[in-house]
Each structure stands twice: as structure tokens, then as C-alpha cells.
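In the numbering used here, the protein residues as written are 2 to 345.
No residue lacks a Cβ here, since even glycine has one placed at the ideal position from N, Cα and C.
These notes concern the structure reproduced below.
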Ligand code: NAI
């Protein structure tokens, strides 16, 4: 075992809400079998944070991530409409996690689309997602009008676009598609398009091809022919929607990992939410979080362990044919984890 492997890497672990603790347990089980050298600092957030500390994003969890600059987390529940502000959005803001990287790769063959291999890079801090909203009352209706403000900055656009181009070059990707709606939201998403086009012209021309697409056309093309895409980079809200769409191309949310990256920290998670409809039943597919753990291993410079984990997941699904119900199988979350652990 190399010296690098022996040194423990401090990392924050947040089980999250709903199916979170189930998929986190499954992922930890597999990481232990892999002897991944993480030294976990267990923290709570979301509803569990409210229960333990009266805060969906408790100071000890923030302090832990500030120290480790690295976290693996389960999904956190955010009530729709009223209630507290999304802990996920607050985490992204707190640690300036400006890039949300969501790879979609076919693992289970014979599904809707074979050989899909693309990456959605979503701007994570700006746009309509900032949640600057208010109602205007008219007569006796306090919610007569609802208004939202979106904000994109040149700086914010540039850093995520630069990340996407650099990612494409570093990973041998051929094309970056900038997705926008500059025909209608001419300023808000026009700035993203303008900044990306200038950046490509100045810095990346000849290294990687540039394509620009309006978001509605992009959604259609992704469904008709996902193989034409390589790296897709877009603003926050469009990225949120398109990354769920591409998860659907490769077997659903149970298969889609994500990384939130910034200068101050990196937080790895599944794209999906708390799945309240199946929480507590041992049915959740832990693959998305396991793949997020593989991204985390790559991030800390352990690509060999990441590869072993990816191969073990692949063989469990395709050779052993052990699958959770969302993939048409019968395995429980824990049974799937045991099967993967035998393969790592
Ligand atoms: P969801 O992603 O939790 O569920 C959507 C559908 O996908 C459900 O039918 C669910 O059963 C299924 N699903 C999700 N993950 C699965 C898995 N691992 N295995 C099998 N099936 C799975 O989305 P929903 O219901 O809109 O959101 C529920 C809660 O999660 C909300 O409070 C939302 O704010 C939160 N959320 C949190 C996220 C995060 O912490 N990163 C991301 C998305 C939503």
C-alpha cells in the first residue's frame, strides 16, 4: 500500500434526510471494503440538523466542512413554499461552490439509451436560483402577484464557463455546449452566452469545439440524440432541470452523481432528493451516491480506488445482475451494497 493511501483524509459526512441515511450507510460500507482512507467527521443538517441543533445548517456542520474542505452528503429536505431556505443553496453560498458537475454515463445496458457519456456543468450560485422573490398584494389577496429576480454576473459566468472548458480539455472531451435562453432572457442569460463565446474565442479555440443552444432545443436534442453531447454548461435553473433530464437517460435519479466544487470546499452528493415516497423502506438505489464517492476519490487524487469502485458497481449491476427496484431488480439498498463490497 502506498504512503499516500496510509494518510487519512479528513472528510465531513452528512447522512441527510429521507433515504439519505440508507444510501450513506450503503456507500460507507463499500468505501470501508475498498479501504478508502477517509477519516469521517459525522455531522447533521437538513431536518436532522433542525432536530439536533434547531438549525437546518448547524454551525458544527459548517465548521467541519470549513476544516476538512471535503464532504460527502445525503440529500437534505427543503419544504416547498414556506419554511426554511434550502440548506443546499446555503451550503453552496457559504463555500462558494460555483460549479455543479453532473456526469451521466450509461452503466446498465439495455435501457432507453446505451453509450450515453456526457457531463452537465451547472452554474451553482447565481441566476433565478438566488431566491430573491416577493409577493405583491392586491385588494384582499396577499399573493396576487409573485415576482422573482435573477442575477448573473460576468465574474460568476466566467468562472463556471472556464471550469467547463478546462474540464473538457483535461478530460479529452471534444465539445462544450453553452445552453442559454438569450432570445428571451436577453440580459440574464445573454450575459452567460456572451461571456462564454468571448472566452472560447480568446482562450480555448482550437482546443475544444464550441456549440451554443437554446435550452428548449437542447432538451429536445438530448432526448432525440444524446450522443451528440459531450460537456454541457449552463446557468443554475436550466442546469437543475437538464441534469435531471440526463439522469433519466441513463436509468433515473438513482444513477446520477454530482459534485459541488469551489475554491473553499468540494461537496459530493447524489443528484436526487430525499425520495420521501420510498424513505425508510430499504429500497433506495445507492449507486448515485457511490458514484459521487468515486468522484470524491478522484478529487483527492485516488483514481485507482475510484476505478475499482466504478468497476465493482458495473459488475454488480451487469454481471451479478444485482439491482434495486428502480432498475427492475429486487435487491434492497443493503443487499446491493453487500454485493458491491464483494467486488471491490
Ligand atoms: P426526489 O429526487 O427525492 O424524488 C424523485 C423521484 O425519484 C421519487 O419517485 C423517488 O422515489 C425517486 N428516487 C430518488 N432517488 C432515488 C433513489 N436513490 N433510488 C430510487 N428512487 C429514487 O425529488 P423530490 O421528491 O422532488 O424531492 C424530495 C425532497 O428532496 C425535497 O425536500 C427537495 O427539496 C429535496 N431535494 C434535495 C436535494 C439535495 O439535497 N441535493 C436535491 C433534490 C431535492
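With respect to the 8 Å criterion, residue 184 and residue 236 are not classified as neighbours on the basis of their beta carbons. For residue 344, the closest C-alpha among the options 330, 44, 322, 136 is that of 322. Beyond the five residues adjoining it in sequence on each side, residue 326 comes within less than 7 Å, by CB distance, of 284 in the same chain, given in chain order.
Remark: the shortest separation between the CB of residue 77 and any heavy atom of the ligand NAI falls under 7 Å. Spanning the alpha carbons of residue 51 and residue 57 requires a straight line of approximately 5 Å. The residues 98, 100, 102, in chain order, have a CB closer than 7 Å to that of residue 262 in the same chain once the five nearest residues on each side in sequence are set aside.
The three-state reading of DSSP puts residue 326 in helix, counting H, G and I together. In the three-state reduction of the DSSP assignment, residue 100 falls in the strand class. Counting along the chain, residue 39 sits inside the beta strand (DSSP E) bounded by residues 39–43. The region 181–199 and the region 155–171 touch, with no fewer than 3 CB-CB distances between them shorter than 8 Å.
Residue 307: member of the alpha helix (DSSP H) spanning 304–319, first to last residue.
Within the chosen limit of 7 Å, the ligand NAI does not reach the beta carbon of residue 125 with any heavy atom. With a threshold of 16 other beta carbon atoms within 10 Å, residue 142 falls short and is exposed. Just so you know, the alpha carbons of residue 328 and residue 149 end up roughly 38 Å apart.
The straight-line gap separating the alpha-carbon atoms of residue 212 and residue 232 is approximately 10 Å. Apart from the 5 residues on each side of it in sequence, residue 22 sits with its Cβ closer than 7 Å to the Cβ of 16, 75 in its chain, given in chain order.
For residue 212, the shortest C-beta to heavy atom distance toward the ligand NAI is 7 Å or greater. For the pair residue 131 and residue 182, the CB atoms are not nearer than the 8 Å cut-off. The alpha-carbon separation between residue 24 and residue 290 amounts to approximately 7 Å. The alpha helix (DSSP H) runs of length 4 or more contained entirely in the region 73–153 are, from start to end of the chain, 88–95. Of 331, 79, 207, 38, the smallest CA-CA separation from residue 49 is found for 79. Per DSSP, reduced to three states, the secondary structure at residue 204 is helical. By the criterion of a C-beta distance shorter than 8 Å, residue 46 is surrounded in its chain by 15, 17, 57, 58, 59, 62, 74, 77, 88, 92, once the five residues flanking it on both sides are discounted.
Judged by the Cβ position, residue 251 fails to qualify as a neighbour of the ligand NAI at the 7 Å threshold, every heavy atom of the ligand being at least this far. Three or more Cβ pairs closer than 8 Å define a contact, and the region 104–124 meets that threshold against the region 160–175. Proximity of the region 267–280 to the region 312–322 falls short of the contact definition, fewer than three beta-carbon pairs being nearer than 8 Å. Rounded to the nearest angstrom, the Cβ distance from residue 318 to residue 109 is 5 Å, consistent with a contact under 8 Å. A distance below 6 Å between beta-carbons, with the five flanking residues on each side excluded, links residue 10 to the following residues of its chain, in chain order: 38, 39, 301.
In the structure shown, residue 279 falls within a coil segment according to DSSP collapsed to helix, strand and coil. Judged by DSSP in its simplified three-state form, residue 22 adopts helix.
If you draw a straight line from the Cα of residue 306 to the Cα of residue 136, it is about 50 Å long. Exposed is the label assigned to residue 221, since fewer than 16 other Cβ atoms lie within 10 Å of its Cβ. Under DSSP, residue 270 shares a beta bridge with 74, 259. Residue 243 is not a Cβ neighbour of residue 200, given a cutoff of 8 Å. One Cα belongs to residue 26, the other to residue 279, and the distance between them is close to 16 Å.
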